[in-house]
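> So that we are looking at the same thing, I have put the structure below in structure tokens.
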Amino acid sequence: MASDVVLVIGGGPAGLEAARGAADLGAKVVLVEERDCLGGTPVFERYAALTHGFQDAEEVMNRLIRDVTAHPSIEVKLSTRVVACDGEVGDFRVALARTGDGASETVHVGSIIVATGFQHFDPGRETQVYGYYEYPDVITLADAEAMLKAKKFVRPSTGLPPERVCFIQCVGSRDRQIGNEYCSKVCCGIASKQAIEIRQQVPNCKVYIFYIDMRMYGYWENEIYWPAQEQYKVNYIKGIATEIIRKGDKLLVRGEDTTLGRPMEVLMDMVILSVGMEPSKGTREIARILGVKQNKYGFIEVPHEGVDPVATSVPGIFVAGAAAGPKDLDDTMSMAGAAAMKAVAAVRKAAVAPGRG
Amino acid sequence: MALHAPPKLERYADVPYEEKERLFQEVKSDPRFPDYLYGCYECGICVAACPSARFYDFSPRKIAQTLAREDVELFYYQLNEDIWNCSQCFSCNRCPRQNSPGGLITIMREVAVRNGLRSAKEALEGYSRVIYKIMVTGTQVSPDMIQADAFPDWGPVAKETADNLELWRKALPPETMHTTTTAWEVSEQTLTELYLIWHMTGVMDMIKEVDEGLHMILMDVMEELLEEKGYALAE
Amino acid sequence: MHGDGKQAEGIPRKERVFQRDPDLPLPEDIRERVFELEEEGEWIVQRVPEPYVEVPTKYGRPKKVPLQHTWHHKSCGQCGHIPGYSTAIFWLHRKLGLAYDDPKDQTSCTGWNYYASATSNAAAQAAVAVRNFAAAYATGFFPLIHCGTSYGHYKEVREELVKHAELRRQVREILAKLGKPLVMPEEIVHYSEWVYAVRHEIAARRIYDCSAITVTVHPACHYYKLVQGDAIYDPDIYGGQRTAVVTAVATALGAQVKDYSTWFDCCGFGFRHILVQRDFTRSFAVGRKIETMIEEAKPDVVLTHDTGCVTTLDKSQFAAQVHNRKVGVPVMSEAQFAALAMGAHPYRVCQLHWHAADYRPLLEKMGIDWREKWQEFEEDLERIRRGEKEYLTWEDVEAEIPARHFLQVS
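Here's what the structure looks like:
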């Protein structure tokens with residue numbers, strides 16, 4: 001028996017946009033989120049400004065969330081996880097369990113959108129020695145974001161504003177030894193955005209970015225990179241670091257200044273590690289439960305031709321956002337729209353010709 | 001803050017290009033080469049970790065780049081002027097692409113030695129006694145090598161050791177270490193096997209290229225033991 | 001060992017402890033290939049004998065460290081001019097009642113020469129390694145490598161033999177001519193990994209108080225920078241973010257291990273540099289390591305676990321004094337330090353008279369009367385000189401030790 005319900009798994013930007021899109025197309029939508037609130041990583045990690053246009057992340061996310069919670073056709077289930085799945089396109093039976101009381105139920109849906117997102121690379125697995133687990137003043141992009149949102153960007157060890165801060169790019173990405181050979185796409189933009197925010201909040205602080213390449217696609221070049229250098233005097237140095245170790249009450253960062261072609265050792269008050277993206281625990285789990293293929297990095301695999309970025313190996317199951325690999329917000333919202341369109345089309349086709357989505 | 005001066009490639013202008021190319025191909029065709037060189041995105045981690053980069057005008061990144069680009073002229077320059085600065089510590093193995101500039105240099109050094117390059121001979125001046133010791137005795141350093149005139153910078157302990165050597169070496173509990181001319185006592189059978197390995201792997205030919213005198217001495221010593229043990233070195 | 005613990009008010013600080021994610025697959029490990037090659041008939045894998053201890057390595061894969069029935073692959077530099085280093089390793093085994101073999105059928109790994117002069121090639125280096133492995137295999141005892149360079153070099157040789165069938169074939173033929181099979185040990189084990197594995201047994205037998213001793217640790221490049229996954233990383237030591245050997249042992253003995261800002265630096269041994277380019281070696285040993293250690297940590301002793309590092313750091317200090325550099329800290333292996341703490345004779349066992357930097361303040365601080373010990377040793381020397389005895393023996397050394405008991409392994 002066919003179902004015309006679309007199940008969206010994950011309540012971050014991808015899931016919210018996909019749910020709203022599918023509902024606006026006239027479908028009934030069930031949105032399942034394992035946390036007790038919507039918003040996904042931007043909310044959970046207290047993002048300050050979004051890289052695109054420096055919009056306040058909380059404001060933007062609140063709009064997306066309101067659009068979903070106010071929508072009559074979307075049923076939101078918080079603190080809920082998918083635990084099993086059976087069936088085929090048009091006729092999936094999905095078992096859900098609620099955290100806390102463990103209450104379970106089964107929903108009957110016609111198509112599924114996976115929007116379970118990413119997690120940050122854990123610096124403890126890094127090939128280089130960055131001391132994240134030894135020194136409080138070595139932090140990640142996520143740690144920095146929370147401080148910037150609270151407008152309290154300080155050295156964790158002293159509580160005082162820093163005078164010298166540097167970013168180290170590509171932490172956990174582009175590395176054969178770690179296995180994450182890919183580029184995580186967003187860290188160059190985020191680091192530059194944060195560099196600007198630091199310069200705005202702590203005008204006396206010098207900021208450096210140590211990089212291999214600066215990934216400044218499209219308008220990031222003129223909207224972020226050039227202003228960072230020209231207006232905010234962020235120093236971009238080509239050559240990343242291999243070691244961070246404490247010297248006195250500062251951090252000694254050892255790298256190569258490849259432009260000048262020689263080794264470099266500089267003292268910093270804080271180091272921000274631009275950690276890359278990896279599939280989240282939720283993404284790994286859901287791939288197993290739904291039986292969708294993962295690529296060698298554990299992300300949901302989509303066909304490589306580039307013309308169908310939301311299809312998975314299972315007909316009727318689609319993916320949106322960072323569950324499929326490193327994505328920025330543009331990618332995520334575009335995929336969410338495409339996934340919503342295809343998910344609704346799938347349930348309609350299945351209603352007419354069962355088993356064929 | 002002067003930039004490093006560009007390498008003076010003209011120093012080797014009189015060496016035919018074909019010769020440089022041949023040596024390059026010899027490095028590239030070593031079976032280990034593809035394990036040591038993938039791609040390089042110029043991150044600088046190898047230079048950041050490298051001790052020699054702080055002391056010499058030396059860059060493991062440039063070694064990897066030169067080989068990746070197949071820049072034969074620059075390769076020949078580095079083969080003669082840079083490779084002996086490497087301290088073979090393999091800190092450069094932190095490379096995120098899993099290149100091993102230190103490993104590439106090991107291959108380049110072998111090629112330099114095998115081809116009897118003058119720069120290789122110069123680099124190994126003053127080193128022949130260690131080669132002799134390892135090839136012939138199966139240990140690389142012996143107690144009797146600590147002489148005050150060989151290690152004046154080590155301080156009075158060098159002289160004290162040398163003066164008391166025989167006695168001090170007897171005042172050691174491990175039975176194998178009552179030696180002065182070798183680090184420990186190596187059995188004759190073991191030495192025989194070692195000599196055979198040197199011969200069977202072409203190492204003797206390599207030594208002949210860089211130090212003919214040493215080669216002669218080594219052959220004499222080795223042949224004596226091998227004949228005694230019933231091995232004829234037929235080629 | 002976490003940061004200095006200082007945390008400002010109001011800043012959300014989660015206690016950062018690195019926990020390896022159990023869902024993430026372990027990276028490919030060469031030891032899997034080693035066993036596959038045995039199944040394919042390429043070589044014999046010598047298994048680690050029981051009893052063994054499992055220790056954690058960098059990416060989480062456990063490593064087996066044999067406790068006894070080990071074939072001691074000695075170090076040229078140790079036996080040659082730091083004989084107390086080798087002697088201390090043997091002494092620790094004897095004191096713990098663990099059987100070992102000290103073979104004459106062992107050549108140098110020849111790695112020092114190889115890295116210094118390249119007057120060798122991959123086939124020769126591999127053949128030398130597997131000849132030694134075959135010699136160990138024939139005795140039934142498992143190789144335990146004394147030198148850090150040998151250890152790193154043999155890990156490299158193992159990689160090359162696993163990856164290149166042609167090299168295996170060449171080396172197998174050579175060994176066949178020597179009447180030996182091609183053998184690869186299940187693990188390549190460094191003695192400092194053995195000391196790590198038995199550190200609590202060592203600490204239980206400590207007789208001198210080390211709590212006032214400040215230690216700086218120098219980790220050997222060839223131990224942890226070559227084939228990086230195969231080195232001990234312990235979640236309780238540096239949060240699993242730096243290699244744990246030596247530090248774990250010093251900590252177990254109750255010493256204060258202090259950090260310094262050039263911890264990861266190479267000592268500057270350089271293989272050929274220490275012989276023919278000594279200004280390089282000395283600059284590093286003194287300028288990057290010793291002076292930094294003294295300035296930032298004020299150690300009573302520098303501990304390391306490799307021949308070249310002990311040599312470099314100990315012997316480079318004298319010449320630097322002429323230039324009024326701040327040097328003058330004793331250097332030794334953790335084996336010698338552990339032995340001293342357990343009551344080993346500083347001269348009969350640890351052979352400290354071969355060391356250059358002054359170790360006597362350290363001994364005094366530990367409560368060891370070096371004058372009395374030197375007197376005893378001089379009497380030994382006198383007896384040898386007079387022809388009353390030919391050599392100092394283990395019996396002479398162990399006369400002070402009560403009846404040996406065998407190690408209880410749970």
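Protein chains in written order, with the numbering used here: chain A, 1 to 357; chain B, 1 to 235; chain C, 1 to 410. No residue lacks a Cβ here, since even glycine has one placed at the ideal position from N, Cα and C. None of the values given here were measured: they were computed from a predicted structure.
1. Whole angstroms is fine: what's the gap from P6/B's alpha carbon to G255/A's?
2. Between the region 207–223 of chain A and chain B, which residues of the former have a C-beta closer than 8 Å to a C-beta of the latter?
3. Where R33/C and V162/C are concerned, what is the direct C-alpha to C-alpha distance, given to the nearest angstrom?
4. Hey, out of E21/B, I146/B, S100/B and S52/B, whose CA is closest to D265/C's CA?
5. List the residues of chain B that W112/C touches, going by C-beta distances under 9 Å, in chain order.
6. Measuring straight from C-alpha to C-alpha, what distance separates F90/B and Q228/C?
7. Under 6 Å Cβ to Cβ from T140/A, same chain only, skipping five residues before and after it: list those, please.
8. Do you know how far the Cα of I82/C is from the Cα of H2/C?
9. Starting from Y151/C and walking both ways along the alpha helix (DSSP H), at which residues does that stretch end?
10. Taking 8 Å as the CB-CB limit, is R246/A close to chain C?
11. Can you give me, in chain order, the residues of the region 73–98 of chain B that have a beta carbon less than 7 Å from any beta carbon in chain A?
12. Examine chain B for any beta-carbon lying closer than 8 Å to the beta-carbon of A311/A, and answer yes or no.
13. Which of the residues in the region 153–179 of chain B, read from start to end, lie with their CB under 9 Å from any CB of chain C?
14. So I294/C contacts chain B; which residues on that side make the cut at Cβ distance below 9 Å?
15. Beta-carbon of R199/A versus every beta-carbon of chain C: anything under 8 Å?
16. Given a threshold of 16 other Cβ atoms within 10 Å of its Cβ, counted over all protein chains shown, does T259/A qualify as buried or as exposed?
17. At least one CB of chain A closer than 8 Å to the CB of P27/C: is that the case?
18. Determine, using beta carbons only, whether A49/B comes closer than 8 Å to chain A.
19. Spatial neighbours of L214/B within its chain, please: CB distance less than 8 Å, with the 5 preceding and 5 following residues excluded, ordered by chain position.
20. Quick one: what does DSSP say G255/A is sitting in, helix, strand or coil?
21. Does the Cβ of P62/C have 16 or more other Cβ atoms within 10 Å, making it buried, or fewer, making it exposed?
22. Along chain A, which residues have their Cβ under 9 Å away from the Cβ of A53/B?
23. Taking S142/B as part of the beta strand (DSSP E), name the residues at either end of that continuous run.
24. Along the region 231–246 of chain A, where does the CB come closer than 9 Å to a CB of chain B? Name the residues.
25. Is the Cβ of Y223/C closer than 8 Å to any Cβ of chain A?
26. Name, please, each residue of chain A whose Cβ falls closer than 9 Å to the Cβ of Y41/B.
27. Quick one, are the C-beta atoms of V183/C and A134/C less than 8 Å apart?
28. F18/C touches chain A at which residues, Cβ-Cβ below 7 Å?
29. Bridge partners for Q119/A per DSSP, in chain order?
30. In chain order, which continuous runs of the alpha helix (DSSP H) of length 4 or greater are located wholly inside the region 198–234 of chain B?
31. Report the neighbours of G116/B on chain A: residues whose CB is nearer than 8 Å to its CB, in chain order.
32. How long is the line joining the alpha carbons of R169/B and E175/B, rounded to whole angstroms?
33. May I have a chain-ordered list of the beta strand (DSSP E) segments no shorter than 3 residues that lie completely inside the region 315–348 of chain C?
34. Helix, strand or coil: how does DSSP classify T304/C here?
35. Of all Cβ atoms in chain B, is any one closer than 8 Å to the Cβ of Q119/A?
36. Are C407/A and Y208/A touching if we call contact CB-CB under 8 Å?
Let me spell this out:
1. Each residue's alpha carbon lies about 22 Å from the other.
2. Those residues of the region 207–223 of chain A that come within reach of chain B (Cβ to Cβ, closer than 8 Å) are I212 and D213.
3. Note on geometry: alpha-carbon atoms of R33/C and V162/C lie some 7 Å from one another.
4. Its Cα nearest to that of D265/C, the residue S52/B stands out among E21/B, I146/B, S100/B and S52/B.
5. Neighbours of W112/C in chain B, taken as residues at a C-beta separation under 9 Å, are given in chain order as V130, I134, Q140 and V141.
6. Going from the Cα of F90/B to the Cα of Q228/C covers about 10 Å.
7. Around T140/A, the same chain offers L273 and V275 as residues with beta carbons nearer than 6 Å, after the five sequence neighbours per side are excluded.
8. In this prediction, H2/C scores a pLDDT of 27, lower than 50, which makes its location untrustworthy; no coordinate-derived value is stated.
9. G148 to K163 is the extent of the alpha helix (DSSP H) around Y151/C.
10. Yes, R246/A counts as interfacial toward chain C.
11. Residues of the region 73–98 of chain B whose Cβ lies closer than 7 Å to any Cβ of chain A, in chain order: R94, P96, R97 and Q98.
12. Against chain B, the CB of A311/A has no partner CB under 8 Å away; the residue lies outside that interface.
13. Only those residues of the region 153–179 of chain B whose C-beta falls short of 9 Å from the nearest C-beta of chain C are listed: D153, W154, G155, P156, V157, A158, E160, T161, N164, L167, W168, R169, K170, A171, L172, P173, P174, E175, T176, M177, H178 and T179.
14. Per Cβ cutoff of 9 Å: no residues; I294/C is ~18 Å from chain B at best.
15. So, not an interface residue.
16. The residue is exposed, with fewer than 16 neighbouring Cβ atoms inside 10 Å.
17. Look at P27/C: its C-beta is under 8 Å from a C-beta on chain A.
18. A49/B belongs to the set of residues whose beta carbon lies under 8 Å from a beta carbon in chain A.
19. So the qualifying residues of the chain are S128, I131, Y132 and I207.
20. When secondary structure is reduced to three states using DSSP, G255/A falls in the strand class.
21. Exposed: under 16 other Cβ atoms inside 10 Å.
22. The answer, in chain order, is E256, R262 and P263.
23. Judged by DSSP secondary structure, S142/B falls outside any beta strand (DSSP E); it is assigned neither H nor E.
24. Residues of the region 231–246 of chain A that bring their beta carbon within less than 9 Å of a beta carbon in chain B comprise K238, G239, I240, A241, T242 and E243, in sequence order.
25. False, the Cβ-Cβ gap to chain A never drops below 8 Å.
26. From the beta-carbon of Y41/B, the residues of chain A found nearer than 9 Å are R174, I212 and D213.
27. Yes.
28. Chain A residues near F18/C: G124 and Y133.
29. Partner(s): E278/A.
30. Qualifying alpha helix (DSSP H) stretches, in chain order: 203–210 and 212–228.
31. Ordered by position in chain A, no residue passes the 8 Å Cβ test against G116/B, which lies about 32 Å from the chain.
32. About 10 Å.
33. You should have 331–333.
34. The DSSP-derived three-state label of T304/C is strand.
35. It does not; no Cβ of chain B falls within 8 Å.
36. Outside the displayed span of chain A (1 to 357) sits residue 407/A, for which this structure offers no information.
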